[in-house]
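Taking this note's numbering, the leading residue of the sequence shown gets 10, the next gets one more, and so forth.
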Amino acid sequence: YEEKLLYGEGDGALEQAAQGGHGVPFSGDLQDPPGCSHPGPRRALNWVLPSLPVKYMKEISPYFKNSSAGATVSWDPSPSALQKRSSPLLPPRELREGRTVPLKMCYVSRKCLPADPEHRYLEVCSADGRLALFLRAKDEATAQSWLSAIQANASALLPRVKEELRAQLAGAGAVAGRDIKHVGWLTEQLPSAGTRNLLAVLTEKELLLYGSLPQSREAMGKPTHSYPLIATRLVHSGPAKGSALYEAELSFALRSGTRLGVQTHLFSLENPRDLALWTRLLVDGTHGAAELVQEVSTACTWKGQDCTLSIHIDKGFTIFTTEPGLSKTILLQQPFEKLQMSSDDGTKMLYLDFGGPEGEIQLDLHSCPKTIVFIIHSFLSAKVTRLGLLA
10 YEEKLLYGEG DGALEQAAQG GHGVPFSGDL QDPPGCSHPG PRRALNWVLP SLPVKYMKEI
70 SPYFKNSSAG ATVSWDPSPS ALQKRSSPLL PPRELREGRT VPLKMCYVSR KCLPADPEHR
130 YLEVCSADGR LALFLRAKDE ATAQSWLSAI QANASALLPR VKEELRAQLA GAGAVAGRDI
190 KHVGWLTEQL PSAGTRNLLA VLTEKELLLY GSLPQSREAM GKPTHSYPLI ATRLVHSGPA
250 KGSALYEAEL SFALRSGTRL GVQTHLFSLE NPRDLALWTR LLVDGTHGAA ELVQEVSTAC
310 TWKGQDCTLS IHIDKGFTIF TTEPGLSKTI LLQQPFEKLQ MSSDDGTKML YLDFGGPEGE
370 IQLDLHSCPK TIVFIIHSFL SAKVTRLGLL A
């Protein structure tokens with residue numbers, strides 16, 4: 010098992026050996042190598058493993074990710090904090106050399122730089138994005154073993170995380186009262202070919218995305234992205250054709266209808282189990298949100314008259330007008346079963362065809378119609394699921 014350690018400037022001999030691609034082996038009593046005046050690696054190795062090769066790296070900061078652009082990754086937690094979290098059997102001197110990443114909601118991945126044909130690398134980041142470890146195991150099997158062990162222990166802490174987030178949601182304003190269905194890390198594939206890690210919180214009605222684990226009600230109420238499930242659609246799930254094993258082939262794509270148009274996100278995961286879980290939760294979540302919401306309404310103009318379009322999961326489509334002090338006047342009402350076609354112009358117009366004598370209905374929604382279009386699809390998909398059919 011190897012760890013990339015940075016303990017300041019080493020002697021020239023050690024640096025030259027590292028630049029030449031040769032590790033400096035340590036075994037037995039772990040004595041300092043010839044020409045190395047810095048004792049840090051030896052002290053650290055005394056409690057990591059009894060036999061371990063260490064490579065000197067003058068600059069490794071490009072390999073670390075940080076949620077805050079330009080911020081420095083913290084590598085020096087206070088000794089008192091380490092003492093509380095670490096084994097009391099470790100001497101204070103060795104505690105000062107330790108690196109501790111809390112497992113609660115930590116991010117762990119094998120998809121990290123640099124590219125390694127032997128697939129031995131691991132990346133472990135704390136939930137707040139401040140601490141990061143970039144590790145290399147002796148072989149692929151060991152790397153997978155460590156990945157599984159870290160994930161298993163982090164998963165055991167998930168119920169506690171959910172309870173803490175529920176308490177924060179209780180006072181987080183607009184998202185209050187939403188039950189948390191699942192929490193987990195997703196790696197977003199950015200259009201610029203880069204990636205970023207997002208913590209996804211799935212509630213009964215929304216998908217909330219955060220750059221790090223929210224630590225307060227205020228942070229919980231300010232997600233990086235928030236998408237209503239009823240206006241969100243899963244459009245792809247599974248491996249991409251022709252992709253290599255350790256590329257981001259285990260992925261799913263989401264499209265959300267917003268007032269600004271359609272927003273698309275492509276997320277990748279570490280293993281098929283997580284991919285299957287998120288796929289099922291998102292599909293079921295969209296149907297569940299449709300059943301909870303039941304009905305949506307929006308202002309529109311039809312045939313030059315200001316009116317309201319109401320879409321109900323059971324009652325279908327209703328166009329009506331209301332006058333102060335008077336009951337609403339229904340201009341048109343059609344069930345979902347009559348809908349033959351729906352489309353939009355991507356700007357403000359929604360087109361509905363129920364096959365009736367009035368022909369195609371053209372509704373001016375005064376804003377991007379994509380949200381309503383996605384909601385119509387979610388209602389239809391939920392109704393099909395009710396019948397026990399595959400949407």
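Glycine is no exception: its CB is placed at the ideal position from the N, C-alpha and C atoms.
Since we're looking at a predicted model, the values are computed, not measured.
> For Gln-177, is the classification buried or exposed, using 16 other Cβ atoms within 10 angstroms of its Cβ as the cut-off for buried?
Replying inline: buried
> What are the partner residues of Asp-203, as DSSP defines its beta bridges?
Replying inline: The question names Asp, but residue 203 is Gly in the sequence shown. DSSP lists no partner for Gly-203.
> Of the choices Val-244, Pro-333, Ser-135, whose alpha-carbon is the least far from that of Gly-220?
Replying inline: Ser-135
>> Can you check which of these residues, Ser-225, Leu-263, Glu-332, Glu-132, is closest to Gly-294 by C-alpha distance?
In response: Leu-263
> Considering only residues of the same chain and omitting the five flanking positions on each side of Gln-343, which have a CB-CB separation below 7 Å?
Replying inline: Gly-325, Phe-326, Phe-363
> If you draw a straight line from the alpha carbon of Phe-261 to that of Lys-379, how long is it in whole angstroms?
Replying inline: 21 Å
> Using the beta-carbon count (16 or more within 10 Å), is Ile-339 buried or exposed?
Replying inline: exposed
> So Phe-329 packs on Lys-337, CB below 8 Å; how close in whole Å?
Replying inline: 4 Å
> Identify the residues that DSSP records as bridge partners of Glu-127: which are they?
Replying inline: BP columns for Glu-127 are empty, so no partner.
>> Let's test the definition: count the other Cβ atoms within 10 Å of the Cβ of Thr-233 and tell me whether it reaches 16, buried, or not, exposed.
In response: exposed
> In chain order, what residues of the same chain lie with their CB nearer than 8 Å to the CB of Cys-115, ignoring the 5 residues before and after it?
Replying inline: Val-133, Cys-134, Ser-135, Ala-136, Ile-159, Ala-163
> Val-271 to Asp-148, Cα distance in whole Å?
Replying inline: 43 Å
>> Can you tell me where the beta strand (DSSP E) holding Gly-297 begins and where it ends?
In response: Counting along the chain, Gly-297 falls outside any beta strand (DSSP E), though it belongs to the alpha helix (DSSP H) covering 281 to 302.
>> Determine whether the beta carbon atoms of Ser-351 and Ile-239 lie at a separation below 7 Å.
In response: no
> Given that a residue counts as buried once 16 or more other Cβ atoms are within 10 Å of its Cβ, and exposed if not, what is Glu-68?
Replying inline: Annotation note: pLDDT 44 at Glu-68 (below 50); position unreliable, coordinate value reported separately. Label assigned to Glu-68: exposed.
>> Going by C-alpha to C-alpha distance, which of Glu-227, Gln-198, Ala-209 sits closest to Leu-291?
In response: Ala-209
> In angstroms, rounded to a whole number, what distance separates the CA positions of Leu-348 and Trp-155?
Replying inline: 54 Å
> Is it true that the CB of Cys-309 sits closer than 7 Å to the CB of Leu-372?
Replying inline: yes
> When the distance is taken between beta carbons, is Leu-374 closer than 7 Å to Phe-307?
Replying inline: Here residue 307 turns out to be Thr, not Phe, going by the sequence shown. Against a cut-off of 7 Å, the Cβ pair of Leu-374 and Thr-307 comes out as a contact.
> Apart from the five residues on each side of it in sequence, which residues of its chain come closer than 6 Å, Cβ to Cβ, to Asp-353?
Replying inline: Leu-359, Pro-378, Val-382
>> According to DSSP, is Val-110 part of a helix, a strand, or is it coil?
In response: coil
> Around the C-beta of His-296, are 16 or more other C-beta atoms found within 10 angstroms, so that it is buried, or is it exposed?
Replying inline: buried
> Roughly how many angstroms lie between the CA atoms of Ile-320 and Asn-280, to the nearest whole one?
Replying inline: 39 Å
> Thinking C-beta only, is Gln-198 closer than 7 Å to Leu-275?
Replying inline: yes
> Around the Cβ of Leu-396, are there at least 16 other Cβ atoms within 10 angstroms (buried) or fewer (exposed)?
Replying inline: exposed
> By DSSP, does Phe-363 sit in helix, in strand, or in coil?
Replying inline: coil
> What separation, rounded to the nearest whole angstrom, lies between the Cα atoms of Thr-407 and Arg-242?
Replying inline: No answer is possible for residue 407: it lies beyond the span of the chain, which begins at 10 and ends at 400.
> Can you give the Cα-Cα distance for Ser-157 and Gly-266, rounded to whole angstroms?
Replying inline: 37 Å
> Do you know how far the Cα of Glu-300 is from the Cα of Pro-111?
Replying inline: 39 Å
> Residues in its own chain within less than 6 Å of Leu-207 by CB, not counting five upstream and five downstream?
Replying inline: Leu-195, Glu-197, Leu-218
> Does the separation of the CB atoms of Ser-118 and Arg-268 fall below 7 Å?
Replying inline: no
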